[in-house]
Amino acid sequence: MIVKVNKEEVRIFKGASAKHAILKYILMKKMDASSLDSIMVFDSKGHQIGDDAPLKEGQSITFKI
Amino acid sequence: MKRLFSILVVAILGLAQNVFAQNGVRASYKTDINIISVNDMHAAIDNMPKMAAIVDSLRAMDKSLMVISAGDNRTGSPVNDMYSDASFPMIALMNQMGFTCSAFGNHEFDSGLEGLARNINESAFPYICANIFADPQLGIQCEPYKFFNVKGVKICILGVVEAEFNGIPSTHPNNVKGIRFAPAEETIRKYMWLRDECDVFILLSHIGYDEDVEVAKKFPEFDLIIGGHSHTQIEGGEVHNGVLITQNENKLKKLTHTTLVVENGKVTGKSAKNIDVAGYTKQNVAAKCLADFFSSNPEFKRVLAQAETPFSSYEELGILMCDALKDFSGADIAYCNAGGVRYEDHPAGDFTVNDVLRLDPFGNSAVVVNVTGKQLRDMLIACKSQDSHGFPFTSGISCEVTYTDKQQSGVKDLKLFAPDGKPLDLKKKYKVIANSYAIITSDVPGEDQGEDINALTADILMKYLEKVKKVDYKGRKCLKEIY
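Taken in order, these protein sequences are the chains called A and B.
For the first sequence, position 56 matches number 56 in this note's numbering, and the numbering has no gaps at all.
For the second sequence, position 269 matches number 269 in this note's numbering, and the numbering has no gaps at all.
And the structure:
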């Protein structure tokens, strides 16, 4: 499925959580994966969501470290 | 005489109020209904004594306090999920706290129907779910809706669970074999007649925030939607089309205290605020004792299998983990990232629950993907490039990897071999299983990125060890490394 992380498309397996998509994004961007320990994740409407939140096709999330 | 008359009047009024409420005649006075709601607790055992202390203090002010869960009470801590009677610790704590009811979340099904039936029997509170259809013989006792008489107010709670994973909740399909689910919205529409039968109409939902907002837009008849599934942290509550929606992030970091003001059979005021559970300093002593008891559970010493010979390398243990994945899924090939194998030796003798949790502590789930031999080859190289611990371990194939240098900074060549020793057909498609971390770091090509099969890799390994009873991996190799 395709989701958006910080406005960029990320292809990820069905049933992935927010943390999975963000890890993929971090690898795509060659960022430091250890920063995953201190992320804050938000849905498209600005609500904070848990990093284990299940994602669905087309969903947009953003994260802050 | 006067006193006796007064007592009689009060008694008759009280009785009438009760009877009227039960028969759907609306309450004709003003009162507050207090509700504590949680969702997606995911076995946050450590926060349960804090939640219990919050419930105590609110119950001291309102003994009719309702305590409601929007589902996914389990799955998230081995203390709960690996208990011999999976999920009993959370249920025991919820019973102790006096939960009013719970929705089914998709994870309530994670121990299969037999496990769920057992959990339902152990629960001192009812489960409410309208869009599940199970043969009564399966023991999945739940009610589509339930009336509660609170201070003479007739409250109706309707429950729904998400079914977006091929028409079933997000759990392994084997866990829900034999039961059917209907789409949530269709089900809700069918039950709208309940609005006329109650003073307060609540949807207990495990379908996610976006879907809750859609429901509120289409069904303003609800007074309140207690939501779950998407782990959305709503500040207090949000009103959409007149319907109050609440939900919190997962793991019981926060809960919601909702107050509904009911006057003459109608909700005339509603408000919701979050209470910080994780930061709460008081704990209920009984709940703390229970949580401590479950955390120090001898279950972790339970022997799953006997190691007939000692394990003496990451590779041997990695192959064991991959064999378990392959066996569980019926895949052709399994692999795991080298860094996902957390220790390199294990003595002959007992292989316990604790050994598995130390070996695979990350809570990774298993993902299945269909790829060609060539794509798998590229994926293994990509996986290695993200893992300083070494090349992935495999089952169903062996690998001959040539590195660019001693430091393994690059892969010059990779050959894959079938179990018969012949080169793997690179054009053929294979069903491949790996842990979720390995899949993400493998940069799966194409549109089909695979599917999470809703099973934790540690859980899969435990089941495999219990199945095979004896293991002997001495000298087993899946990898030849050339520099």
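Even glycine gets a Cβ: it sits at the ideal position worked out from N, Cα and C.
Please read all numbers here as calculations on a predicted model, not as lab measurements.
Simplified DSSP assignment, three categories, for residue i
i        : result
B:Lys477 : coil
A:Asp51  : coil
A:Lys56  : coil
B:Cys322 : helix
B:Pro49  : helix
A:Ser44  : coil
B:Asn23  : Because B:Asn23 sits at a pLDDT of 47, beneath the cut-off of 50, its placement in the model cannot be relied upon, and the following sentence gives the value as read from the coordinates. Here B:Asn23 sits in coil by DSSP.
B:Pro89  : helix
A:Ser34  : helix
A:His20  : helix
B:Gly340 : helix
B:Ser123 : coil
B:Ile132 : strand
A:Ile12  : coil
B:Asn435 : strand
B:Glu221 : coil
B:Tyr483 : coil
B:Phe362 : coil
B:Ile275 : strand
B:Ala29  : One point to set straight first is that residue 29 of chain B is Tyr, not Ala, in the sequence displayed. Looking at B:Tyr29 - three-state DSSP - the assignment turns out to be coil, as it is neither helix nor strand.
B:Ala348 : coil
B:Leu416 : strand
A:Lys4   : strand
B:Asn39  : coil
A:Ile61  : strand
B:Ala216 : helix
From the options, residue whose alpha carbon lies closest to that of residue i
i        : options                                   : result
B:Met462 : B:Asp355, B:Asn175 and B:Gln141           : B:Asp355
B:Tyr343 : B:Gly373, B:Phe311 and B:Thr352           : B:Phe311
B:Tyr145 : B:Leu203, B:Gly265 and B:Glu263           : B:Leu203
B:Ile188 : B:Gly475, B:Lys266 and B:Ser205           : B:Ser205
A:Tyr25  : B:Glu308, B:Tyr437 and B:Asp46            : B:Tyr437
B:Ile381 : B:Tyr403, B:Thr246, B:Asp212 and B:Ser296 : B:Tyr403
B:Lys374 : B:His346, B:Leu416, B:Ile333 and B:Cys156 : B:Leu416
B:Pro173 : B:Gly112, B:Lys151 and B:Gly152           : B:Gly112
B:Leu43  : B:Met61, B:Ser57, B:Asp110 and B:Ile35    : Looking at the sequence provided, one finds Ala at residue 43 of chain B rather than Leu. Of B:Met61, B:Ser57, B:Asp110 and B:Ile35, the residue nearest in Cα terms is B:Asp110.
B:Glu235 : B:Cys129, B:Leu255 and B:Asp459           : B:Leu255
B:Val371 : B:Thr309, B:Asn149, B:Gln449 and B:Ile68  : B:Gln449
B:Tyr209 : A:Asp32, A:Ile49, A:Met40 and A:Met31     : A:Ile49
B:Thr31  : B:Val262, B:Ile155 and B:Lys251           : B:Val262
B:Pro419 : B:Tyr280, B:Ile333 and B:Glu466           : B:Ile333
B:Pro423 : B:Gly410, B:Lys412 and B:Gly396           : B:Gly396
A:Ala33  : A:Phe42, A:Leu23 and A:Val41              : A:Leu23
Residue j beta carbon less than 8 Å from that of residue i
i        : j        : result
B:Gly318 : B:Asp387 : no
B:Phe147 : B:Cys198 : yes
B:Arg195 : B:Glu214 : no
B:Ala52  : B:Asn284 : yes
B:Phe351 : B:Cys478 : no
B:Ala331 : B:Thr457 : no
B:Gly105 : B:His257 : no
B:Asp360 : A:Ala16  : no
B:Pro49  : B:Ala287 : yes
B:Thr171 : B:His107 : yes
B:Asn248 : B:Phe181 : no
B:Leu260 : B:Val200 : yes
B:Ile275 : B:Ile140 : no
B:Leu93  : B:Leu290 : yes
B:Met527 : B:Arg74  : No statement about residue 527 of chain B is possible, as the shown extent of chain B runs from 1 to 483 and does not include it.
B:Ile440 : A:His20  : yes
B:Ile33  : B:Leu58  : no
B:Lys469 : B:Gln233 : no
B:Ser329 : B:Ile433 : yes
A:Ile2   : A:Glu8   : no
Supposed contact pair residue j and residue i - C-beta distance, whole angstroms, cut 8 Å
i        : j        : result
B:Arg377 : B:Leu414 : 6 Å
B:Ala184 : B:Val160 : 4 Å
A:Asp52  : B:His231 : 6 Å
B:Val79  : B:Ser295 : 5 Å
B:Asp327 : B:Tyr464 : 6 Å
B:Cys399 : B:Ser442 : Not a contact, Cβ separation roughly 14 Å.
Neighbour list for residue i in chain C, Cβ cutoff strictly below 9 Å
i        : result
B:Ser170 : Looking for chain C here will not work: the only protein chains present are A and B.
For this session: Mind listing, in chain order, the continuous alpha helix (DSSP H) runs of no fewer than 4 residues lying wholly within the segment 278-315 of chain B?
Result: Every unbroken stretch of the alpha helix (DSSP H) spanning 4 or more residues and falling wholly within the segment 278-315 of chain B is given here in chain order: 285-295.
Exercise. Mind pulling the beta strand (DSSP E) runs of 3 or more residues that sit fully within the segment 227-267 of chain B?
Worked result: Complete beta strand (DSSP E) runs here, min 3: 238-240, 243-246 and 254-263.
Problem set entry | Entirely enclosed alpha helix (DSSP H) segments - the segment 134-205 of chain B, minimum 4 residues | The alpha helix (DSSP H) runs lying completely inside the segment 134-205 of chain B and spanning 4 residues or more are 184-190, given in chain order.
Exercise. Which parts of the segment 364-396 of chain B are runs of the beta strand (DSSP E), unbroken and 3 residues or longer, counting only runs that do not cross its ends?
Worked result: Entirely contained in the segment 364-396 of chain B, the beta strand (DSSP E) runs reaching 3 residues are, in chain order, 365-372 and 393-395.
Exercise. At which residue ranges does the segment 439-472 of chain B contain complete alpha helix (DSSP H) runs of 4 or more residues, listed in the order of the chain?
Worked result: If only uninterrupted alpha helix (DSSP H) runs of at least 4 residues are considered, those enclosed by the segment 439-472 of chain B are 457-468.
For this session: Just list the beta strand (DSSP E) runs in the segment 56-117 of chain B, keeping only unbroken ones of 3 residues or longer that don't cross its boundaries, in chain order.
Result: Here the runs fully enclosed are 66-69 and 101-103.
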